[in-house]
Amino acid sequence: MEIIKEYVENLIQLCGVSGSAVPVVRHVALVLVTLLLAWLSGVLCKRIIMPLIHKLTARTTADWDDILFNARVLLTACRIVPALVIWQFLPMVFYQFHFVREVLERLTAVYITIMTVRLITVLITSFAQLETSHSSSVRQYIKTFCGVLKIVVIFIAVIVTVAIIFGKSPLSLLAGLGATSAVLMLVFKDTIEGLVAGIRLTSNEMVKKGDWITVPSTTADGIVEEISLTTVKVRNYDNTIVTVSPITLVNGSFQNWKGMQQSSGRRVKRVVYFDFRSVKAVDDDLRNRLVQAGYLSAEDMEGEDANIGLFRKYFEKHLAARKEVNENLTIMVREMEATQCGLPLEFYFFLRDRVWLNYEHQLATIIERVYVTAALFGLKIYEQYPEQ
1 MEIIKEYVEN LIQLCGVSGS AVPVVRHVAL VLVTLLLAWL SGVLCKRIIM
51 PLIHKLTART TADWDDILFN ARVLLTACRI VPALVIWQFL PMVFYQFHFV
101 REVLERLTAV YITIMTVRLI TVLITSFAQL ETSHSSSVRQ YIKTFCGVLK
151 IVVIFIAVIV TVAIIFGKSP LSLLAGLGAT SAVLMLVFKD TIEGLVAGIR
201 LTSNEMVKKG DWITVPSTTA DGIVEEISLT TVKVRNYDNT IVTVSPITLV
251 NGSFQNWKGM QQSSGRRVKR VVYFDFRSVK AVDDDLRNRL VQAGYLSAED
301 MEGEDANIGL FRKYFEKHLA ARKEVNENLT IMVREMEATQ CGLPLEFYFF
351 LRDRVWLNYE HQLATIIERV YVTAALFGLK IYEQYPEQ
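UniProt numbering puts the sequence shown at residues 1 to 388.
Structure follows, in structure tokens:
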């Protein structure tokens, strides 16, 4: 830098500048030289170094270097270089103006700090986008860790920036924060709790992207599209987006249908009410009709004295024979406690198809079968009449 300074002074003398104009011309010339070198360094990075790095990463077979050294990362790095050049030349340019030099040095240092933090956060984001061979839960954990790391980096950058502006040591500022920690905890209470809840949510694998969840305290009932440290986005089946805070899921309760989706069947638990007046004793005529229709055999009807008991046996046998019902899981038709709305029968079984649309269609077909065959057993579905 001293060589540049001497060169500028010699050039001024060669131009015939003398007297009181020499300091002014010298400072203007040094400022222009500094700005020119800063501009040239930026052009060098953008026009030569960036394309060179792109060519080198394109030649490799790996994908990680293309993701980490993407255009956004390199462009952010290129914006730091001119500021570094200016910061190095400031003592030489403003060596006679200490106040101006100190102000400009602090402003330049703040800019360098901000751009460095931005570069680090962009690198962390690129790292989180790397495709790994791990499971989705591990990838979600890496994404959560990257989010926490960003917050730590930004917090440190804020401390360093404030220290640069006020000319203090960052350690002294951190020591001073201890006195105001209670106030900060009060102000950022919800943010801190949400952050901790987000970490618990992802680290414990309570919910993952792609899970179907139902949150009773909110209108969320759909597929999880995004999980971050502060929000969980759920796309409902009506295509509306519901944003739920992680603390709501951790402290409250929610239903995750992942276990059902991964199991071998989706449960059906449907209750049908029968009219008490249609429950009658079994006679020979009913037994003969059921045997001739192939619904039940004489052995199946042994020990049953009521038509509703025969109906229970028949429908359990019918459910076990249907191909859409998983016969390896529980199949049960049970009589529940009588109510003023009739005698309830609960149909409990599992359908093989767990897709919502197919599940509803198959369930409707089976329940419609209940309504149709009940009359063959002399049973009537309960219906409330106006006089009742």
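All residues carry an ideal CB built from backbone N, CA and C; glycine is no exception. Note that the coordinates shown come from a computational prediction; the quantities given were computed from them, not determined experimentally.
CB contact flag (residue i, residue j, <7 angstroms)
i, j, result
"Y348", "F274", "no"
"R354", "N326", "no"
"T57", "D66", "yes"
"V268", "V370", "no"
"A109", "I164", "yes"
"R106", "T76", "no"
"T230", "G265", "no"
"P82", "G147", "no"
Buried/exposed call for residue i, threshold 16 Cβ in 10 Å
i, result
"C78", "buried"
"I151", "exposed"
"A375", "exposed"
"F377", "buried"
"V162", "exposed"
"P51", "exposed"
"T202", "buried"
"F315", "buried"
"G303", "exposed"
"A29", "buried"
"E368", "exposed"
"M301", "buried"
"A330", "It is Thr, not Ala, that sits at residue 330 in the sequence shown. Burial call: exposed."
"T243", "exposed"
"Y295", "buried"
"R47", "exposed"
"C45", "buried"
"A293", "exposed"
"L90", "buried"
"F311", "buried"
heavy atom of the ligand MN below 6 angstroms from residue i C-beta
i, result
"D211", "Looking at this structure, you won't find the ligand MN or any other ligand, since it has none at all."
Residues bridged to residue i (per DSSP)
i, result
"D221", "T214"
"F274", "L343 and I381"
"Q255", "T214"
"K269", "Y348"
"I120", "According to DSSP, which records beta bridges pairwise, I120 is partnered with nothing at all."
"K233", "E226 and T243"
"A281", "A306"
"E205", "None, per the DSSP bridge assignment."
"E327", "Looking at the DSSP assignment, E327 forms no beta bridge with any residue, so it has no partner."
Selection from the options that minimises the alpha carbon distance to residue i
i, options, result
"N256", "A281, V224, L286 and T230", "V224"
"T219", "E226, G210, D238 and S41", "D238"
"K55", "L44, G42 and F69", "F69"
"T339", "F350, V93, Q384 and S297", "Q384"
"K323", "I366, D283 and L310", "I366"
"D283", "R277, D305 and L379", "D305"
"T144", "I124, F97, I156 and I154", "I124"
Quiz item: Should the region 206-214 be regarded as contacting the region 240-258, the criterion being three or more beta carbon pairs within less than 8 angstroms?
Solution: yes
Quiz item: Are the region 85-95 and the region 28-36 touching, with three or more C-beta to C-beta distances below 8 angstroms?
Solution: yes
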